[in-house]
Amino acid sequence: MKEQNSEKGKSFYEKSSWYHRTKTLQENGTIKYGKKGGFKTREEADKSYERCEKEFKNAYRAWQLSNQVNQDVSLKDYLIYWLEDVFSQRVESTTYMVMAYAVYDLILPCVEHDVKLKYLNAEYLDALLQNVAQISRSAGNKGREVLNLALKEAVTAGYIKRNPVTATKPYKRAKPTITILHKSQIKKLLSAASKSNWYLEILLGLFCGLRKGEILGLKFSDFDFDQNTVSIKRQLVSDPKLKKGSSKIEAYGLVERDPKTQNSFRTLRVPDAVMKEVENRRKKVEADKIRYAANYQDHDYVSCQEDGKPHGMVSMNETLTRLCSKNGLPHVTVHGLRHMYATILIEMKVPIVKISAMLGHGSVHTTFEYYCDVMDDNENILAFMNDAFVPVEQEG
30 MKEQNSEKGK SFYEKSSWYH RTKTLQENGT IKYGKKGGFK TREEADKSYE
80 RCEKEFKNAY RAWQLSNQVN QDVSLKDYLI YWLEDVFSQR VESTTYMVMA
130 YAVYDLILPC VEHDVKLKYL NAEYLDALLQ NVAQISRSAG NKGREVLNLA
180 LKEAVTAGYI KRNPVTATKP YKRAKPTITI LHKSQIKKLL SAASKSNWYL
230 EILLGLFCGL RKGEILGLKF SDFDFDQNTV SIKRQLVSDP KLKKGSSKIE
280 AYGLVERDPK TQNSFRTLRV PDAVMKEVEN RRKKVEADKI RYAANYQDHD
330 YVSCQEDGKP HGMVSMNETL TRLCSKNGLP HVTVHGLRHM YATILIEMKV
380 PIVKISAMLG HGSVHTTFEY YCDVMDDNEN ILAFMNDAFV PVEQEG
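Residue 425, in my numbering, is where the sequence shown stops; the numbers in between run on with no holes.
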């Protein structure tokens, strides 16, 4: 089995060795984020991380003594500086996009009376978050999460002595609404899907529990046709470029990245019916290669357009919306298929630890948080999944 991650943000396993995050102080006082690898064990990576952290803190203290931090900066100015010059330097474009929306569209419009950072207190932030929470069901939780992260780093940078967000009212994380189809509804969906170009993708979501990005990132080389398995090695995700100072997307692209968490690297057994569809898709792709010849863009993707280009990130959900609407079914998304897969396993009394492994969740706690409400659900949804749905044991 693969080694598990240690404490989040300290050390992690990637590409056959252990890594840890690094922070390097630049001459202008900004921080450059990176990672350092090549460690054989988690313990080695942890020790190196602690040593690097100590060196960074010493360097930062020395810099602060010679370059006094402007403690008169306002909340608005600090949040923009933190987002654009600090946070954006260490995260992927999709994470930055979410945080940019939280800052520019949720928090800043609700700042009625801007104050200097050093005068912030829990009462002021509670009033701010109360306004933020009225925007949407999840806005309060997200706004508080962003403020906590930003002001925690403000303490580290010397702008304030303590983080006032910790004393504010917490907002519950909005749980996703899980739409579960009955056996007859699933059969109806699959019957309609079999006549579309997305049948295989829908099977992979429903019977393997794959995320949308994992489905779109699958390559034929990931399938073992002798063992009837598929290995999840990557995901295809959006790569948006935002306009400076806003959450508006100026350019949009797709990029391959590692799966969502280290536990998302996994190998699953695949039912015969699904493997048959993979083989059918391979034959179709081979025919498309001949038809398009030099114009075919060969990335080995299982899910792609006729010329080999990857599908857009919204295409599969749009197809599901049309299929459900035309067939009088409740609206289901790609993530909804994943929820149904998990619920089916729960009804089959599969242990939650194994369900977590099959879904590729970061921890079993994530699985429990999502599905504790359906653990005792007695609805008999399905009876057509069997022992094929057992994760393959990893070696090494």
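All C-beta atoms, glycine included, are put in the ideal place defined by N, C-alpha and C.
Assigned exposure category for residue i - 16 Cβ within 10 Å defines buried
i, result
"Ile319", "exposed"
"Gly67", "exposed"
"Tyr78", "buried"
"Gln33", "A caution first: Gln33 carries a pLDDT of 43, below 50, which makes its placement in the model unreliable, though a value can still be read off. Answer is exposed; the Cβ neighbour count stays below 16."
"Phe254", "exposed"
"Glu279", "exposed"
"Pro359", "exposed"
"Met404", "Because Met404 carries a pLDDT of 45, less than 50, the predicted location of this residue cannot be relied on, and no value is offered for it."
"Pro199", "exposed"
"Ala322", "exposed"
"Gln163", "exposed"
Helix, strand or coil at residue i [DSSP, three-state]
i, result
"Asp336", "coil"
"Phe397", "helix"
"Leu112", "helix"
"Phe249", "helix"
"Glu141", "coil"
"Ala280", "strand"
"Gly66", "strand"
"Lys212", "helix"
"Arg264", "In the sequence under discussion, the amino acid at residue 264 is Gln, which differs from the Arg named in the question. Reduced to three states, the DSSP call for Gln264 is strand."
Inter-residue Cα distance where the pair is residue i and residue j
i, j, result
"Trp47", "Glu56", "29 angstroms"
"Asp101", "Gly187", "12 angstroms"
"Thr51", "Ser275", "28 angstroms"
"Cys81", "Lys313", "52 angstroms"
"Tyr330", "Arg298", "19 angstroms"
"His394", "Asp251", "28 angstroms"
"Arg240", "Asn292", "13 angstroms"
"Arg367", "Lys378", "17 angstroms"
"Gln214", "Leu233", "17 angstroms"
"Val115", "Ser165", "27 angstroms"
"Ser40", "Thr185", "20 angstroms"
"Asn324", "Lys338", "10 angstroms"
"Asn356", "Leu219", "11 angstroms"
"Asn257", "Glu306", "12 angstroms"
"Asp327", "Leu247", "13 angstroms"
"Thr350", "Ser260", "28 angstroms"
"Arg202", "Ala316", "48 angstroms"
Host beta strand (DSSP E) of residue i (start-end)
i, result
"Tyr325", "That residue, Tyr325, is in no beta strand (DSSP E); it is neither H nor E in DSSP."
"Phe236", "Looking at the DSSP string, Phe236 is not in any beta strand (DSSP E); the run it does join, the alpha helix (DSSP H), is 228 to 237."
"Leu54", "46 to 54"
"Leu283", "283 to 286"
Below-9 angstroms beta-carbon distance, residue i vs any chain D residue
i, result
"Ile375", "Reference to chain D is not applicable here, since this structure consists of a single protein chain."
Rounded Cβ spacing between residue i and residue j (contact assumed at less than 8 angstroms)
i, j, result
"Leu135", "Leu154", "Not really, about 14 angstroms apart at Cβ, beyond 8 angstroms."
"Ser223", "Thr348", "That belief does not hold up - the Cβ atoms of Ser223 and Thr348 are roughly 13 angstroms apart, past 8 angstroms."
"Val361", "Cys353", "6 angstroms"
"Trp92", "Leu54", "6 angstroms"
"Thr197", "Leu235", "Not a contact, Cβ separation roughly 41 angstroms."
"Ala129", "Lys171", "At roughly 12 angstroms, the Cβ-Cβ gap does not stay under 8 angstroms, so Ala129 and Lys171 are not in contact."
Residue range of the alpha helix (DSSP H) that includes residue i
i, result
"Ala386", "381 to 388"
"Ser354", "344 to 355"
"Thr124", "122 to 130"
"Val363", "363 to 376"
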